[in-house]
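The sequence shown begins at 5 in my numbering and counts up by one.
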Amino acid sequence: MEEIEELVYKYALQNAYKHGGKAQDKAVVSKIFVERPDLRSRAKEISEIAKKIVEKVNSMSIQDQERELKEKYPDLLEEKKKEEPEKKTLPPIKVEGKFVTRFAPNPDGPIHLGNARAAIISYKYAEMYKGEFILRFDDTDPKVKKPIKEAYDWIRKDLEWLGIKWNKEVKASERLEFYYSMAKELISKGFAYVDTCSEEEFKKMRDSGKPCPNRLKSAEDNLYLFEKMLNGEFKEGEAVVRIKTDLSLPDPSQRDWVLLRIIDVKKNPHPITGDKYWIWPTYNFASALDDHDLGITHIFRGKEHEVNAEKQKWIYNYMGWKYPYVEEFGRLRLEGFMMSKSKIRTVLEKGVSIDDPRLPTLAGLRRRGILPETIIETIITVGLKVSDATISFDNLAALNRKKLDPIAKRLMFVQQPKEFIIELSEPIRAKIPYNPSKPSEYREILVNPGDKILLDAKDAEEGAVVRLMELCNVTISGNKLIFHSKTLEDAKKLNAKIIQWVKKDEASNVEVIIPDPNEEKPPISGYGEKEIGNLKINEIVQFIRFGFVRVDNKIDNKVTVIFSHE
């Protein structure tokens, strides 16, 4: 039995140290059965032993877990150090000569995890093939998907946070004259015309396979009508420019689709150009022209653009251009979060900020303490899958935790504080490493006889002997903490629980915001050790036995943090 317990203890320590101080009993049992398959017949008994020992190991600090591994099982510690993270890469694609790609967001809202996918994949491929990456704002709809002036900077900031750099920035709204000149060329070659029918009339003719009357007119007549459009002689809805496609196409939306339309910019001014232009290109017209003009060779986008690609090829074929290489992928959802830009925009209009940590926006995830490296690795791992993908926040958090574990400070935080007076024969100085991976970096806390100490009420069991982390072992008696012994070995002999604590006269007032997309949760108030008051805004740390948090605000002695994940 002692041999089995020793085996369980060894693997519980290793598993806890690998996973931020928290071992999983099932993983430990699996390890045991690999080493000792003869014990499988005693699976139930081994599982019960593992649960008890894992609970004990999980009550230890990571520093203590590491110390035990170093002293008793150094080979297991070396095993962790030898592990190299698997480098995530995108699959190779066909590239011939120059490589230019782009990200073309509509600045009608912030970027969220789903639409960041095209940006990350496009940029990473540009890096891979030493090509160019262009940021093109697709902002040619001042009415239905109206751009938000601030969104241009929101998007730039999000891309910069992800480490994405662009070689060129283009706003479609500043290229109207170019679109007009290309429309004239298409009309003059007989590939496009001005339609003055009502929308209802056009649909009736389209659905019956009949041409609009102006479709049959000469290029000169249609150029004349287009000049009238440019001169403002038509109102919104009275004329559009259409491309000539096949009127027998099975998909009605592909038949003679709109290149340019009139928008009443007095009612719907554009945030950049105001009411200077009233004729605006559709998404497919502007995108097709810009992709060719900017020399785009590769396009990475959602599979919902398949229909758009078919439309755009009409322009490429008419002009004798080569269509770019295209990779299309499925939608990406973050489970439990609203991923629709229109729904997010509705929430924003009600006064919610783009960086609300309950939102799946990059700004919201950033404020919650999710690292840009986590976002990038998640996207690259999903890759170019054509099927839709759903990511759970738990999986995102697990990856984020893996990246934070070796770098984040581990600090003591006490919620539901209960005050005690500590009885010591002499002052004791606690020397506590910020992170077990860097034992040379630590803080010191001096505790004198009679100091007031705050413990979490759930840890303050009357009569129990507990270990105050890295300080000493004490007996809880009434409102007193009576010195029992000094060393960790003494605590182990007593099976004493290791708990965090805060010296009251140095305590920082802490408020923890718990973001939940499904319900409003009240913040958690408590006290943290002095070092928490010295943290910088945006710093991400781990509150021991609580979870990772990001420092959001500091006012006087109050520190507000946002809970990231366990």
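Cβ atoms here follow ideal geometry from the backbone N, Cα and C, with glycine treated the same way.
Nonlocal neighbours in the same chain, by C-beta distance under 7 Å from residue i, ignoring five residues either side
| i | result |
| --- | --- |
| Asn272 | Pro146, Lys147 and Lys150 |
| Ala500 | Val469, Val470, Arg471 and Asn477 |
| Met233 | Val198, Ala243, Ile266 and Ile283 |
| Trp318 | Ile247 and Thr249 |
| Glu331 | Ile97, Phe304 and Leu388 |
| Phe550 | Phe417 |
| Gln28 | Asn19 |
| Arg160 | none |
| Val32 | Val12, Tyr15, Ala16, Asn19, Ala54 and Val58 |
Status (buried if at least 16 other CB within 10 Å, exposed otherwise) for residue i
| i | result |
| --- | --- |
| Thr6 | What sits at residue 6 in the sequence shown is Glu, not Thr. Exposed, because fewer than 16 other Cβ atoms sit within 10 Å of the Cβ of Glu6. |
| Val390 | exposed |
| Lys128 | buried |
| Ala155 | buried |
| Ser252 | exposed |
| Thr177 | This sequence places Ser at residue 177; Thr is not what is there. Ser177 should be labelled buried. |
| Asp455 | buried |
| Lys14 | buried |
| Glu571 | What the structure shows of the chain is the stretch from 5 to 570, and residue 571 is not part of that stretch, so it cannot be assessed. |
| Arg121 | buried |
| Phe37 | exposed |
| Pro440 | buried |
| Ile411 | exposed |
| Glu87 | Reliability fails at Glu87, whose pLDDT of 47 lies under 50, so the model's placement of it is uncertain and the value that follows must be treated cautiously. It is exposed - the Cβ of Glu87 has fewer than 16 other Cβ atoms within 10 Å. |
| Glu10 | exposed |
| Thr286 | buried |
| Asp260 | buried |
| Glu52 | exposed |
| Tyr21 | buried |
| Ile541 | exposed |
Contact set for residue i: own chain, Cβ-Cβ below 6 Å, skip 5 residues either direction
| i | result |
| --- | --- |
| Gln504 | Met416, Met473 and Ile548 |
| Asp162 | Ile115 and Leu366 |
| Arg362 | Pro519 and Pro521 |
| Leu3 | With the chain covering 5 to 570 only, the question about residue 3 has no answer from this structure. |
| Tyr438 | Lys413 and Glu445 |
| Gly324 | none |
| Leu498 | Val469 |
| Arg219 | Tyr197 |
| Gly25 | Ile66 |
DSSP bridge partner residues for residue i (one or two, in chain order)
| i | result |
| --- | --- |
| Asn477 | Arg471 and Ser489 |
| Lys614 | As shown, the chain starts at 5 and ends at 570. That puts residue 614 outside it, with no answer to give. |
| Ser529 | Glu515 |
| Lys422 | Leu459 |
| Tyr329 | His302 |
| Asp199 | Val244 |
| Ala155 | DSSP lists no partner for Ala155. |
| Ala393 | Leu336 |
| His274 | Gly278 |
| Ala434 | Ile449 |
| Phe571 | Past the edges of the chain, shown from 5 to 570, lies residue 571, and the structure says nothing about it. |
| Asn557 | Thr564 |
| Gly368 | In DSSP, Gly368 forms no bridge with anything. |
| Lys92 | Its beta-bridge partners do not exist; DSSP assigns none. |
| Glu173 | Leu139 |
| Val545 | Val553 |
| Pro285 | Leu264 |
| His309 | According to DSSP, which records beta bridges pairwise, His309 is partnered with nothing at all. |
| Glu427 | Ile486 |
Sequence-distant residues of its chain with Cβ nearer than 8 Å to residue i (five each side left out)
| i | result |
| --- | --- |
| Lys85 | Unreliable placement is indicated for Lys85, whose pLDDT of 48 sits below 50; the coordinate value is still reported in the next sentence. Here the set comprises nothing. |
| Met209 | Cys201, Pro215 and Cys216 |
| Ala196 | Ala187, Leu190, Asn226, Val245, Arg246, Ile247, Lys248 and Leu263 |
| Ala461 | Gln420, Pro421 and Lys422 |
| Asn561 | Ser512, Asn513 and Gly537 |
Supposed contact pair residue j and residue i - C-beta distance, whole angstroms, cut 8 Å
| i | j | result |
| --- | --- | --- |
| Lys407 | Thr378 | 6 Å |
| Arg335 | Asp392 | 5 Å |
| Gln258 | Ala292 | No, Gln258 and Ala292 are not in contact; Cβ-Cβ is about 14 Å, not under 8 Å. |
| Val575 | Val565 | Coverage of the chain is limited to positions 5 through 570, which leaves residue 575 absent and any answer about it impossible. |
| Leu117 | Pro364 | 5 Å |
| Val563 | Gly530 | With 8 Å as the limit, Val563 and Gly530 do not qualify as a contact, their Cβ atoms being about 11 Å apart. |
| Leu458 | Lys534 | Incorrect: roughly 12 Å between the Cβ atoms, too far for contact. |
| Ile426 | Asn483 | About 11 Å; that fails the 8 Å criterion. |
| Leu492 | Asp112 | Between Asp112 and Leu492 the Cβ distance is about 58 Å, and since that is not below 8 Å, they are no contact. |
Closer than 8 Å to chain D by CB, residue i
| i | result |
| --- | --- |
| Ile66 | Although the question refers to chain D, the structure presented lacks it and comprises just one protein chain. |
Take every Cβ of the segment 100-115, pair it with every Cβ of the segment 295-310, and state whether three or more of those distances are shorter than 8 Å.
-> yes
Stretch pair the segment 429-449 + the segment 38-57: three plus CB contacts closer than 8 Å = no
Stretch pair the segment 340-352 + the segment 129-146: three plus CB contacts closer than 8 Å = no
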